[in-house]
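2 protein chains.
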Amino acid sequence: MSDLTRTFAALSDPTRLSLVETLIRRGELPAGDLVAEAAISAPAISRHLKVLREAGLVEQRAQGTHRFYAVRPEALRAIVDWTMDHRAFWSTSLDRLDTLLALDPGEGER
Amino acid sequence: MSDLTRTFAALSDPTRLSLVETLIRRGELPAGDLVAEAAISAPAISRHLKVLREAGLVEQRAQGTHRFYAVRPEALRAIVDWTMDHRAFWSTSLDRLDTLLALDPGEGER
DNA sequence: CGGTTAATTAACGCAAGTGTTAATTTATGG
DNA sequence: CCATAAATTAACACTTGCGTTAATTAACCG
Chain F
0 MSDLTRTFAA LSDPTRLSLV ETLIRRGELP AGDLVAEAAI SAPAISRHLK
50 VLREAGLVEQ RAQGTHRFYA VRPEALRAIV DWTMDHRAFW STSLDRLDTL
100 LALDPGEGER
Chain S
0 MSDLTRTFAA LSDPTRLSLV ETLIRRGELP AGDLVAEAAI SAPAISRHLK
50 VLREAGLVEQ RAQGTHRFYA VRPEALRAIV DWTMDHRAFW STSLDRLDTL
100 LALDPGEGER
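These protein sequence lines map, in sequence, to chains F and S.
In this text, residue positions in the first sequence follow numbering that gives the first Met the number 0: the first is 0, and each later residue adds one.
In this text, residue positions in the second sequence follow numbering that gives the first Met the number 0: the first is 0, and each later residue adds one.
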């Protein structure tokens with residue numbers, strides 16, 4: 000299984016996609032906070048986090064008994080790179096991409 | 000399972016990702032051509048194509064005994080849309096995206 | 001019509017994924 | 001040191017996914 004298919008596999012589970020989106024939205028969080036938001040048990044979340052970690056989607060930082068998790072931007076870029084590799088195919092016109100870029104969420108830096 | 004997780008699930012298998020890339024590269028093809036390129040049996044490919052179809056990633060066109068398959072660009076856009084929704088997160092600077100856009104795949108690809 | 005080809009569906013076996021509860025590991029604090 | 005808390009690992013059950021070969025369906029052609 001390639002790195003990319005492993006990335007897709009990691010995001011193919013609703014619970015894991017949700018974990019990733021939560022970490023993106025709220026930033027680095029301890030496992031316990033993620034468990035609190037989930038509808039399933041702590042061990043189940045723990046193993047989902049392990050899958051995400053092994054796929055390179057999140058990284059773990061230990062502090063005391065806490066394990067802080069955060070999304071690794073590089074992993075998302077791998078997906079972006081793949082779609083961009085085939086942009087000529089899915090983007091018959093640039094309208095949609097132009098619209099998105101026009102939103103320019105990164106306005107500040109640059 | 001959301002549409003997006005179903006899309007990721009469809010691309011999480013190496014055989015299916017390969018099928019999609021072949022269809023993007025060579026355009027619409029009959030199932031037989033895809034079987035010829037694969038290392039596994041025709042029934043196996045047939046079912047992978049079914050998964051891709053049910054996920055909305057490919058569409059099927061019948062002509063005689065042949066079934067032509069092609070990738071649906073909208074499905075790839077769903078992925079692009081998701082990544083773009085979180086662009087502010089993974090794109091700390093716009094450099095990479097700028098680089099990709101500058102390649103202008105409209106003329107000559109890589 | 002009968003035979004051939006393209007493709008799918010059926011039936012089966014086995015590996016992998018996902019949930020639970022119980023047990024274990026590691027660090028904190030009285 | 002001992003009790004507690006955070007998190008993971010272990011053990012188990014159940015479902016899903018993926019491959020195979022055999023059987024079936026549908027269209028084409030002499």
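Using N, Cα and C, we set each Cβ at its ideal position, and we do this for glycine too.
In this text the structure is predicted, and so the values were computed from the model without any measurement.
To the nearest whole angstrom, what separates the beta carbons of residue 75 of chain F and residue 4 of chain S, a pair I think is in contact under 8 Å?
Contact flag wrong, Cβ pair sits at about 16 Å.
I'd like the span of the alpha helix (DSSP H) that includes residue 85 of chain S, first residue to last.
Neither: residue 85 of chain S is in no alpha helix (DSSP H) and is coded neither H nor E.
Could you check where the beta strand (DSSP E) with residue 60 of chain F kicks off and where it finishes?
57-62
Using a Cβ-Cβ cutoff of less than 6 Å, which residues in the same chain neighbour residue 105 of chain S once the five nearest sequence positions on both sides are dropped?
Because the pLDDT of residue 105 of chain S is 46, which lies under 50, any placement of that residue in the model is unreliable, and the number read from its coordinates should be weighed accordingly. Closer than 6 Å at the Cβ level, and outside the excluded window around residue 105 of chain S, lies no residue.
Would you say residue 138 of chain S lies against chain F (beta-carbon separation less than 8 Å)?
Residue 138 of chain S cannot be examined here, being either before or after the span of chain S that is shown, 0 to 109.
For residue 38 of chain F, report the span of its alpha helix (DSSP H) as first-last.
Careful: residue 38 of chain F lies outside any alpha helix (DSSP H) and carries neither H nor E.
With 16 as the cutoff for other CB atoms within 10 Å, does residue 107 of chain F come out buried or exposed?
For residue 107 of chain F, the predicted structure reports a pLDDT of 37, less than 50, and the residue's modelled location is therefore unreliable. The matter cannot be settled from this model.
Less than 8 Å separating the beta-carbons of residue 82 of chain S and residue 82 of chain F?
yes
Who are the Cβ neighbours of residue 111 of chain S in its own chain at under 6 Å, not counting the five residues just before and after it?
This structure gives no information on residue 111 of chain S, because the portion of chain S shown stretches from 0 to 109.
Along the segment 10-35 of chain F, where does the CB come closer than 7 Å to a CB of chain S? Name the residues.
10, 11, 12, 13, 16, 23
Against chain F, with Cβ distances strictly below 8 Å, would residue 52 of chain S count as a contact?
no
With a CB to CB cut of under 8 Å and the five nearest residues on each side skipped, what residues in its chain are close to residue 21 of chain S?
Same-chain partners within the cutoff: 28, 33, 36.
Residue interval of the beta strand (DSSP E) (run including residue 69 of chain S):
Note, residue 69 of chain S: beta strand (DSSP E), 65-70.
Name the one or two DSSP bridge partners that residue 28 of chain F has.
F:68
Member of S:30, S:7, S:24 whose CA lies at the smallest distance from the CA of residue 65 of chain S
Comparing Cα-Cα distances from residue 65 of chain S to each of S:30, S:7, S:24, the minimum goes to S:30.
Keeping to the same chain, check which residues put their C-beta closer than 8 Å to that of residue 6 of chain S; ignore five residues upstream and five downstream.
54, 55, 56, 74, 77, 78
Comparing the C-beta of residue 67 of chain F with each C-beta of chain S, is any distance below 8 Å?
no
Taking the C-alpha atoms as reference points, what is the distance between residue 50 of chain S and residue 63 of chain F?
The straight-line gap from Cα to Cα measures roughly 45 Å.
Would DSSP call residue 3 of chain F helix, strand or coil?
The DSSP-derived three-state label of residue 3 of chain F is helix.
Could you give the DSSP three-state label for residue 106 of chain S: helix, strand or coil?
Residue placement at residue 106 of chain S is poorly supported in this model, since its pLDDT is 43, which falls under 50; the coordinates still yield a value, given next. Note: residue 106 of chain S maps to coil in three-state DSSP.
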